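Before any comments, here is the structure.
Residue numbers (our numbering): 3 to 151.
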């Protein structure tokens with residue numbers, strides 16, 4: 003009987019380590035931003051809406067761009083307004099894990115006239131504590147639109 007109690011007390015640290023390992027497995031985030039030029043010259047930006055977007059990411063990107071001082075609008079690609087300097091496209095992926103959350107997004111910015119890519123940013127989060135889509139968009143766009151040194 004004493005040996006069973008002894009075994010139970012010795013296995014507590016091992017069990018707690020296994021539980022911690024399971025909890026932190028898959029808790030990863032990755033942020034990447036890259037720009038080929040200073041984006042300050044792009045004053046009017048159009049965010050292309052995706053027909054499959056049920057989370058209004060196009061609107062959230064345009065809203066964040068406006069807070070960064072850019073004249074931004076959004077809509078379907080066929081409704082591109084005149085005088086746009088750059089176009090933003092994005093791909094997002096969502097997952098359900100007790101709540102709906104964005105697991106991944108990639109945002110690309112290209113010149114409107116030449117269609118040449120000028121900046122890209124991506125974020126991946128597979129974690130128990132996820133960031134809101136607005137926060138993820140802020141994390142990508144803020145460094146991209148920070149003035150180059």
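Backbone N, C-alpha and C define an ideal beta-carbon position, used for all residues, glycine too. Just so it is clear, the structure is predicted and the values come from calculations on it, not from any experiment.
Taking the straight line between their C-alpha atoms, what separation do you get for residue 63 and residue 49? 7 Å
With a threshold of 7 Å on Cβ separation, who are the neighbours of residue 34 within its own chain once the five nearest residues in sequence on each side are excluded? 123 and 124
Where do the ends of the alpha helix (DSSP H) carrying residue 31 lie? No alpha helix (DSSP H) holds residue 31; the beta strand (DSSP E) holding it covers 30-37.
From what residue to what residue does the alpha helix (DSSP H) around residue 129 run? Premise fails: residue 129 is in no alpha helix (DSSP H) and is neither H nor E.
Per DSSP, what kind of secondary structure is residue 115 in: helix, strand or coil? coil
If residue 105 sits next to residue 127, beta carbons under 8 Å apart, how far is it from one beta carbon to the other, in whole angstroms? 6 Å
C-alpha distance - residue 44 paired with residue 141, whole-angstrom precision: 19 Å
Whose CA, out of 82, 134 and 85, lies closest to the CA of residue 103? 134
Checking 8 Å against the spacing of the C-beta atoms, do residue 47 and residue 90 come in under that value? yes
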